[in-house]
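One structure is given here, and the rest of the page talks about it.
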Amino acid sequence: IESARKGDPAASVHRKLLNGNWKFHWVDKPADAPPDFFKPKYDDSTWTSFPVPANWEINGYGVPIYTDEAYPFPADPPRVPHDINPVGSYRHSFDVPAHWAGRQIYLEFGGVKSAMTLWINGKDVGYSQGSKTPAEFNVTKFVKPGTNLLAVQIIRWSDGAYLEGQDYWKISGIERDVVLSSRPPARSSTSRP
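Residue numbering for the sequence shown follows my numbering, starting at 111 and increasing by one per position.
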């Protein structure tokens, strides 16, 4: 109750910040992305330790691109390049607290540039694109008590990149906080007049 009174979401026992060092693998084209990297038994021992949140280009993977009006690739909506379109693959283990049993579990990515696919414990959870909007996934049916594995694959340019032809730096990766949270089970009721 005291943490709720302080109004600090980070102090909640129903919220875990997953930021930190994650396993990371970067390639400059989708054809070279590691297959099956999302499977729990995949060997990531040679992967880099990479900070989350952080952009790839700022950390030495790829090149940041500044554009004013032009796109950083040949414009042919909705197509984007496949020969050169960097891909970052991430893996991270996290624990689900025992006291979250019976609650709905959500995983939120505060911002990912540009498109992402998420797996939990080897199962495909979902897809999102839109770098400046949070992506929230109900992962209740994918997690188990104790240690779990999340895997994320991010592609630098998606068809959503056509909406981001603004005056700014084109950089990629998990750009904002990653938060695991639990909520009471959803309830609905019907009232009649």
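Note that the Cβ used here is the ideal one computed from N, Cα and C, for glycine as well.
Length of the line joining the Cα atoms of residue i and residue j
i      : j      : result
Trp120 : Ser159 : The sequence shown places Ala at residue 120, rather than the Trp named in the question. Roughly 24 Å between the two C-alpha positions.
Ile168 : Pro174 : 7 Å
Thr177 : Lys254 : 44 Å
Asp138 : Gly256 : 35 Å
Tyr216 : Tyr237 : 14 Å
Leu290 : Leu127 : 6 Å
Asp146 : Gly212 : 31 Å
Val222 : Ile284 : 5 Å
Pro144 : His135 : 8 Å
Ala141 : Pro294 : 42 Å
Trp166 : Ala208 : 34 Å
Gln263 : Val197 : 7 Å
Ser268 : Asn248 : 23 Å
Run of the beta strand (DSSP E) containing residue i, from where it starts to where it stops
i      : result
Thr250 : From DSSP, Thr250 is part of no beta strand (DSSP E); its letter is neither H nor E.
Gly130 : 130-137
Lys227 : Checking the sequence, you will find Thr at residue 227 rather than Lys. Here the beta strand (DSSP E) through Thr227 covers 225-230.
Glu218 : 214-219
Ser268 : Neither: Ser268 is in no beta strand (DSSP E) and is coded neither H nor E.
Where residue i falls, given that 16 or more other Cβ within 10 Å makes a residue buried
i      : result
His202 : buried
Val123 : exposed
Arg266 : buried
Ala245 : buried
Ala296 : exposed
DSSP-derived helix/strand/coil call for residue i
i      : result
Ile284 : strand
His192 : coil
Tyr171 : coil
Ala164 : strand
Tyr102 : Nothing about residue 102 can be read from this structure; the chain reaches only from 111 to 303.
ask   = Counting Cβ pairs closer than 8 Å, one from the segment 185-194 and one from the segment 128-136, do we hit at least three?
value = Not touching, per the Cβ criterion.
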